[in-house]
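Trainee:
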Amino acid sequence: MDHSVALFELATAYHSCRDLDALLKALSVQLGARLTARGVLVWLVDESGEALACRARWAEAGAGFEPSPEPVTEGILAEMLEATRARRLGGKDIDPAALVHLNENDRARVKTALYAPFVAPAGTVGVVEVLNKRAGEFTPDDVTLAEEAIRITGPAYDTLRALEQEKHSNLATVDRLTALYDIGRVFASTLELTDLLPVVADKIRDILGAQGCNLWLVDAEKNDLYFAQQVGDDPTTDADDRCPMGEGLIGQAAQQGDAKLIADAQEEAELLAPRQARSQEFQLTTLMAAPLLKEEDVIGVVEVVNKQDGTAYDEDDLFFLTSMSEMASIALNNANRLAAERKVRELDALLAISKEITSTLNLDHVLTTVVHQAASVVPFDRCAIGLFDRQKFILGAVSGEAEVPRTREMDQLRDVMEWVARQADPVSADNYDEGWKVSHEEARERLTAFLEAHGHNGFYAVPLKDDQGTVGVLALMSGDAEFLLENHLEVLSILASQTTVAIRNARLYQEVPLVNFWQPLVEKKKKLLAIPGAQWLDWAWKVVAVAVVLTVIPWPLRIGTNATVVPAERRAVTAAADGTVQRVLVREGDRVAAGAVLAELNAGENRVRWERARSNAAQARAEMAQAESRRDLNTATQARLRMEMYNAEEALYREKVEKATLRASINGLVVTPKVEEKVGQFLEQGDLFCELVDTERMAAEMNVEETKAPLVEAGSKVALKLNAFPTETFVGRVERVSAQTVAAEGEQFFVVRALFDNPDAQARTGMAGQGKISAAGGWPIRGWYPIGYVWFRGWVYWGWRKVWTYLP
Numbered sequence: 001m002d003h004s005v006a007l008f009e010l011a012t013a014y015h016s017c018r019d020l021d022a023l024l025k026a027l028s029v030q031l032g033a034r035l036t037a038r039g040v041l042v043w044l045v046d047e048s049g050e051a052l053a054c055r056a057r058w059a060e061a062g063a064g065f066e067p068s069p070e071p072v073t074e075g076i077l078a079e080m081l082e083a084t085r086a087r088r089l090g091g092k093d094i095d096p097a098a099l100v101h102l103n104e105n106d107r108a109r110v111k112t113a114l115y116a117p118f119v120a121p122a123g124t125v126g127v128v129e130v131l132n133k134r135a136g137e138f139t140p141d142d143v144t145l146a147e148e149a150i151r152i153t154g155p156a157y158d159t160l161r162a163l164e165q166e167k168h169s170n171l172a173t174v175d176r177l178t179a180l181y182d183i184g185r186v187f188a189s190t191l192e193l194t195d196l197l198p199v200v201a202d203k204i205r206d207i208l209g210a211q212g213c214n215l216w217l218v219d220a221e222k223n224d225l226y227f228a229q230q231v232g233d234d235p236t237t238d239a240d241d242r243c244p245m246g247e248g249l250i251g252q253a254a255q256q257g258d259a260k261l262i263a264d265a266q267e268e269a270e271l272l273a274p275r276q277a278r279s280q281e282f283q284l285t286t287l288m289a290a291p292l293l294k295e296e297d298v299i300g301v302v303e304v305v306n307k308q309d310g311t312a313y314d315e316d317d318l319f320f321l322t323s324m325s326e327m328a329s330i331a332l333n334n335a336n337r338l339a340a341e342r343k344v345r346e347l348d349a350l351l352a353i354s355k356e357i358t359s360t361l362n363l364d365h366v367l368t369t370v371v372h373q374a375a376s377v378v379p380f381d382r383c384a385i386g387l388f389d390r391q392k393f394i395l396g397a398v399s400g401e402a403e404v405p406r407t408r409e410m411d412q413l414r415d416v417m418e419w420v421a422r423q424a425d426p427v428s429a430d431n432y433d434e435g436w437k438v439s440h441e442e443a444r445e446r447l448t449a450f451l452e453a454h455g456h457n458g459f460y461a462v463p464l465k466d467d468q469g470t471v472g473v474l475a476l477m478s479g480d481a482e483f484l485l486e487n488h489l490e491v492l493s494i495l496a497s498q499t500t501v502a503i504r505n506a507r508l509y510q511e512v513p514l515v516n517f518w519q520p521l522v523e524k525k526k527k528l529l530a531i532p533g534a535q536w537l538d539w540a541w542k543v544v545a546v547a548v549v550l551t552v553i554p555w556p557l558r559i560g561t562n563a564t565v566v567p568a569e570r571r572a573v574t575a576a577a578d579g580t581v582q583r584v585l586v587r588e589g590d591r592v593a594a595g596a597v598l599a600e601l602n603a604g605e606n607r608v609r610w611e612r613a614r615s616n617a618a619q620a621r622a623e624m625a626q627a628e629s630r631r632d633l634n635t636a637t638q639a640r641l642r643m644e645m646y647n648a649e650e651a652l653y654r655e656k657v658e659k660a661t662l663r664a665s666i667n668g669l670v671v672t673p674k675v676e677e678k679v680g681q682f683l684e685q686g687d688l689f690c691e692l693v694d695t696e697r698m699a700a701e702m703n704v705e706e707t708k709a710p711l712v713e714a715g716s717k718v719a720l721k722l723n724a725f726p727t728e729t730f731v732g733r734v735e736r737v738s739a740q741t742v743a744a745e746g747e748q749f750f751v752v753r754a755l756f757d758n759p760d761a762q763a764r765t766g767m768a769g770q771g772k773i774s775a776a777g778g779w780p781i782r783g784w785y786p787i788g789y790v791w792f793r794g795w796v797y798w799g800w801r802k803v804w805t806y807l808p
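Here my numbering is used: the first residue of the sequence shown is 1, the next is one more, and so on.
#1: Which residue from 20, 432 and 464 puts its Cα closest to that of residue 165?
#2: For residue 140, which three-state DSSP category applies?
#3: Roughly how many angstroms lie between the CA atoms of residue 14 and residue 31, to the nearest whole one?
#4: Which full runs of the beta strand (DSSP E) of 3+ residues lie inside the segment 430-458, going along the chain?
#5: May I have the straight-line CA-CA distance separating residue 669 from residue 619, to the nearest angstrom?
#6: Taking the C-alpha atoms as reference points, what is the distance between residue 792 and residue 465?
#7: Who are residue 743's beta bridge partners in DSSP?
#8: Please work out which residues of its chain come closer than 7 Å, Cβ to Cβ, to residue 663, disregarding the five sequence neighbours upstream and downstream, and give them in chain order.
#9: Which residue comes first and which comes last in the alpha helix (DSSP H) that contains residue 306?
#10: If you reduce the DSSP assignment to three classes, tell me which class residue 38 lands in.
#11: Is it the case that the segment 745-758 contacts the segment 704-719, given that we only count it when at least three CB pairs across the two stretches are under 8 Å?
#12: Hey, how far is the Cα of residue 784 from the Cα of residue 775?
#13: Can you give the Cα-Cα distance for residue 711 and residue 777, rounded to whole angstroms?
#14: Take residue 304 as the anchor and find which of 116, 250 and 63 has the nearest alpha-carbon.
#15: With 16 as the cutoff for other CB atoms within 10 Å, does residue 376 come out buried or exposed?
#16: Taking the alpha-carbon positions, what's the residue 418 to residue 340 distance?
#17: What's the gap between the Cα of residue 316 and the Cα of residue 170?
#18: Which residue's Cα is closest to the Cα of residue 83: 42, 199 and 123?
#19: Measure the Cβ-Cβ separation of residue 313 and residue 263 and say whether it is below 8 Å.
#20: Please state if the CB of residue 498 and the CB of residue 357 are separated by a distance shorter than 8 Å.
#21: Taking 7 Å as the line, does the beta carbon of residue 581 fall inside it for any heavy atom of the ligand NAP?
#22: By DSSP's criteria, residue 218 is part of a beta bridge. Which residues make up the other side?
#23: Report buried or exposed for residue 325, applying the criterion of at least 16 other Cβ atoms within 10 angstroms of its Cβ.
#24: To the nearest angstrom, report how far apart residue 811 and residue 477 are at their CA atoms.
#25: If the criterion is Cβ atoms closer than 8 Å, does the pair residue 108 and residue 96 meet it?
#26: If I measure Cβ to Cβ from residue 603 and keep anything under 7 Å in the same chain, skipping five residues before and after, which residues do I get?
#27: Between 40, 702, 696 and 86, which has its C-alpha nearest residue 758's C-alpha?
#28: At what residues does the beta strand (DSSP E) containing residue 702 begin and finish?
#29: Go ahead and pull the three-state DSSP assignment for residue 758.
#30: Kindly indicate the opening and closing residues of the alpha helix (DSSP H) around residue 509.
#31: Assuming residue 40 contacts residue 57 under a Cβ cut-off of 8 Å, what Cβ separation, rounded to an integer in Å, is found between them?
#32: Just to confirm the assignment, what range does the alpha helix (DSSP H) spanning residue 643 have?
#33: Between residue 515 and the rest of its own chain, which residues show a CB-CB distance below 7 Å, the 5 nearest in sequence each way excluded?
#34: How long is the line joining the alpha carbons of residue 370 and residue 496, rounded to whole angstroms?
#35: Let me know if residue 5 comes out buried or exposed under the rule of 16 or more other beta-carbons within 10 Å of its beta-carbon.
#36: Under three-state DSSP, which class holds residue 333?
Next comes the structure, spelled out in structure tokens:
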């Protein structure tokens, strides 16, 4: 029988198939229709190549067959996978036990069946199952049609399968690129090394689907790697593990700087034997390790152990791990740099504290400096320091307090710290979710009661002791448990040692007898009494001579200050009437004379009304003259009234026309920027058109310290030296002194304004320089004072203010 029409329809149906599912669905529908079957199932070999799974099926309404959800490895399908030709079964030939791939309830419903191996150019890829012909049994002609249909389906299957694999590969690539992008954002979310390590390990484990991920970091001093972080399950490693360079998978990856892949752990059983011996229950099956590089140096190794789905790692996984390790290296390097910079800052702060407490022998200053500046090197909410005063333990200082408060809390804290002072090691207590963890169990009740009562979840106290004994205790409290990291403990240990030395030195100084204070004074007195009288007289003449020179010789007193040039006179040119700017005759920087035309407003309408009023006035004047010549008094009176009205109207509009011309009110400089762009702008009466500055006379504003203000008065001579003209001096006079001070640079100043001539217009607004103001008063010449007053006035005033504060 010719099957060309059926095959043509099948091939035509394949043209619209975009993927494997559509292709297999079209095959099952066409076979079911052409073979008049009640159901068709297409079974394909799964990825393992050893089992079959149903990929497509078709059935008549109410005649569906339910395939097994589990992969099929036996029965009639397994036999047909090895066959080369199709096979048809009649009712007598069907063995329900061989139909293991169908649901138990559906096996008995199978009356006839046709099985054909699904052969593609690459080989047999599955089995096509056709069940229950509507009428009778399947014929050899049906077998031929099924084989021909499968033959033309095979190439299409290979093509679409290749496209599907390529699509999956592209999607996997996109997924990995997206994952790399997400990893980059996650790794960059923190620069804290303790927070970053678990994030890195967890993200790598999650993306690669590993059972465990381990991070190892290089110890440059010991030339090995130490175990830093683990996420997941890997009992073959321990938190205290260290790995020498070159030993094991980790050591080889670190020493060679290359990523390592062990797809099958059995092939590297000798290499992994030491680790595998730690856990017989947990089997290492597949591993990867990639170095963490900082340029050419290895800073660590990341390792992933066993895939969760049981498959082996491949080169693609290794490449992806290498890419992630590069990003992790950057993040870890940044975190290490931050830690190094933070350690430098902490050491700098520690050095500053050390200089502060060792530069004084004042015990109170030492104690307050430690408790208030310790926050720059270690974190805490409250810091307290206590010490022994003879046999009594006292609180010396508490952070945030100028003096130790006399409260019950401080009494309890003193008792706790006194107990700590008698311990050989530091005492700590931290409140976790599961309860308190205390370093000294005998003090659990005392410590936890105090900390809970005052809202503290962390406590750390270190005895301050030297070779002579314990001098005190330094205690830190915080609202967070385990608030001190390892580096904080190192810094705290150094701070405690320095504080111990400073306290010991201050104590020794307090114990020195008073004779050490009086002895230098007694020696000075003996030396003064031993001086002969002639030498005293010689010194007295010299002192008198110096006093006369400092008192009699005059010297000009000048008050130096900064100076800023400002306009002495600034005039605003405003519109005297409403109008649109028609023409602008000046630009910024143009010099104009008083009365010069600056701009013209549009006055066309007012000018027409002016001319009309003038014409009407002339006509009324003529009518009045004619009426008077006729002696017509009534007409003459009316004409005179109209004439006066038109004269008033003429004067009004003439004034408006004249106001449309904007003129300069002073000789000066146009300082308004872009004034020429105001053409076409409507100005209301009083609107600003431009500003003029008189440049022939300028002003300088100077800030004079409030202590020197009494020496300045209006009319005082001022000499100005501008930065732009260092060789020229501008001379002027003080115009006025401000009535109140202004604050600048943490001091109070009076603003002094001085006027000076500027004939060449060299000085411009905004220029800065220095000024010298001649002091008011003086003797024997105005502005001149004794040289001693000029030189030592500031020192004498400062000394008097200091002495006055101690006077009763």
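Glycine included, each C-beta is placed from N, C-alpha and C at the ideal position.
Mentor: Quick look at the numbers:
#1: 20
#2: helix
#3: 13 Å
#4: 435-438
#5: 47 Å
#6: 52 Å
#7: 748
#8: 595, 596, 597 and 598
#9: Not the alpha helix (DSSP H): residue 306 falls in the beta strand (DSSP E), residues 297-307.
#10: strand
#11: yes
#12: 8 Å
#13: 8 Å
#14: 250
#15: exposed
#16: 36 Å
#17: 13 Å
#18: 123
#19: yes
#20: yes
#21: For the ligand NAP, the structure offers nothing, since it holds no ligand at all.
#22: 225
#23: buried
#24: Residue 811 cannot be examined here, being either before or after the span of the chain that is shown, 1 to 808.
#25: yes
#26: 579, 656, 657 and 660
#27: 696
#28: 697-705
#29: coil
#30: 486-510
#31: 7 Å
#32: 633-659
#33: Unreliable placement is indicated for residue 515, whose pLDDT of 43 sits below 50; the coordinate value is still reported in the next sentence. None.
#34: 9 Å
#35: exposed
#36: helix
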